[in-house]
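In the order they appear, the protein sequences are chains A and B.
Residue numbering for the first sequence follows the numbering used here, beginning at 55 and increasing consecutively.
Residue numbering for the second sequence follows the numbering used here, beginning at 734 and increasing consecutively.
The structure appears right after this line, and notes come after that.
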Amino acid sequence: SAVISQKPSRDICQRGTSLTIQCQVDSQVTMMFWYRQQPGQSLTLIATANQGSEATYESGFVIDKFPISRPNLTFSTLTVSNMSPEDSSIYLCSARTFNTGELFFGEGSRLTVL
Amino acid sequence: AQSVAQPEDQVNVAEGNPLTVKCTYSVSGNPYLFWYVQYPNRGLQFLLKYITGDNLVKGSYGFEAEFNKSQTSFHLKKPSALVSDSALYFCAGPSGEAAGNKLTFGGGTRVLVKP
């Protein structure tokens with residue numbers, strides 16, 4: 055299995071500011087992903103974090119709004135830029151392990167934008 | 734389009750009774766299917782997966798799921814539910830051409846187990 059640590063676990067931010075969420079995995083993983091989830095609802099994939107290259111974004115998500123980095127096999131960041139109240143959500147980091155291919159999740163970062 | 738669906742928003746069951754959470758899929762090729770559970774204010778926890786092999790898959794916490802190709806279903810089951818099983822359950826399947834690469838999630842089913 056893989057243990058995924060995210061920080062911050064929650065934050066309250068002002069409109070127009072940006073916040074960077076960090077994701078650290080305790081073992082090397084093949085792929086890392088960022089999801090968004092409204093409380094009690096399903097998950098929406100934002101992007102695949104590619105090591106050493108630009109992330110691959112899903113429809114409706116763009117790099118200018120959600121820049122992502124992945125400098126090595128165990129670490130990634132997601133920035134939510136120029137935030138608005140509509141960005142209030144839970145952001146989840148996930149990673150797929152080499153050996154089992156299972157997808158593990160962090161505890162999530164709950165973001166509230168005022 | 735590849736997708737999974739959970740037809741029930743909520744399932745209520747008495748403790749000790751059987752629990753079933755439904756999932757249907759629409760994917761091309763061989764489906765890779767997963768079940769995850771999310772407890773309040775927590776991330777998702779992996780329960781079980783189906784890739785190939787036996788249609789009955791056993792997972793964590795006494796859960797199992799049956800893959801049914803003719804009905805395109807992958808229902809999650811537990812013979813005797815516990816109050817602690819109350820949580821949000823997600824079925825997931827492959828999204829995109831590379832099976833098992835990215836996952837798309839169903840809408841989720843909230844399970845409430847009453848004592």
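Each residue gets a CB set at the ideal place from its N, CA and C atoms; glycine is no exception.
| query | result |
| --- | --- |
| Limits of the unbroken beta strand (DSSP E) element including Q76(A) | L73 to V79 |
| Distance cut-off 8 Å: F838(B) Cβ against heavy atoms of the ligand ZN | This structure does not include the ligand ZN; it has no bound ligands of any sort. |
| Test item: CB-CB of G162(A) and S63(A) under 9 Å | yes |
| 9 Å Cβ cutoff, T166(A) in contact with chain B | no |
| Inter-stretch contact (C-beta, 8 Å, three-pair minimum) for the stretch 742 to 756 of chain B and the stretch 129 to 143 of chain A | no |
| Per-residue DSSP class, three states only, for V116(A) | coil |
| Chain-order list of residues whose beta-carbon lies under 6 Å from that of M85(A) (same chain, five-residue window excluded) | R150 |
| D818(B), buried or exposed, once every other Cβ within 10 Å from all chains shown has been counted against 16 | buried |
| Y769(B) classed as buried or exposed, judged by whether at least 16 other C-beta atoms fall within 10 angstroms | buried |
| Chain B contacts from the stretch 114 to 139 of chain A (Cβ-Cβ distance under 8 Å) | none |
| The stretch 793 to 806 of chain B contacting the stretch 754 to 761 of chain B, beta-carbon criterion three pairs below 8 Å | yes |
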